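Student:
Numbering (the working numbering), first residue to last: 1166 to 1292.
(1) Suppose the cutoff is 7 Å on Cβ atoms and the five residues either side in sequence are ignored; what does the same chain contact list for residue 1228 look like?
(2) For the stretch 1195-1276, list the alpha helix (DSSP H) runs that are entirely contained and at least 4 residues long, ordered along the chain.
(3) In this structure, does DSSP put residue 1280 in helix, strand or coil?
(4) Short of 8 Å in beta carbon distance, which residues of its chain neighbour residue 1219, apart from the five on each side in sequence? Order them along the chain.
(5) Within this structure, are the beta carbons of residue 1136 and residue 1265 separated by less than 8 Å?
(6) If contact is defined by three or more beta carbon pairs under 8 Å, each pair taking one atom from either stretch, is the stretch 1224-1243 in contact with the stretch 1197-1211?
(7) In angstroms with no decimal places, state the Cα-to-Cα distance between residue 1182 and residue 1272.
(8) Under 6 Å Cβ to Cβ from residue 1203, same chain only, skipping five residues before and after it: list those, please.
(9) How many Å lie between residue 1215 and residue 1221 at the Cα?
(10) In whole angstroms, what separates the C-alpha of residue 1256 from that of residue 1241?
(11) DSSP state of residue 1288, grouped into three classes?
(12) Could you tell me whether the Cβ atoms of residue 1172 and residue 1261 are closer together than 8 Å?
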């Protein structure tokens, strides 16, 4: 199966792992070492609420190309079989859209753009 045929859920599945890896590396680079602290800090970046905030800001700043936005929408408009524990449906879908673009950029080997996305999220997250 070609990547362009992957559904939003599959892209988000991969994107969740990719974004988590970026967050973990970022937190370690900031000097955090205790597992309890790392877990608490990572929730501020990878929770559905945080991801929805990131996506809202990226959308407001027109960060995405038309092709990238189509991928975000593919993820956001997917009908997941699971429900977020601590987020409403709209927030959860936005988070899934953000994860989908992370997955798509990773799977299509667009490392430079993936890094640009991560740096922009860091900028938003540090505000």
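Yeah, the Cβ is synthetic: ideal placement off N, Cα and C, and Gly gets one too. Remember, it's a predicted structure, so these values are computed and weren't measured experimentally.
Tutor: So, to answer that:
(1) 1285
(2) 1200-1211, 1213-1225, 1231-1241, 1254-1272
(3) helix
(4) 1263, 1286, 1289, 1290
(5) Residue 1136 is absent from the structure shown; the chain starts at 1166 and stops at 1292.
(6) no
(7) 12 Å
(8) 1192, 1197
(9) 10 Å
(10) 9 Å
(11) helix
(12) no
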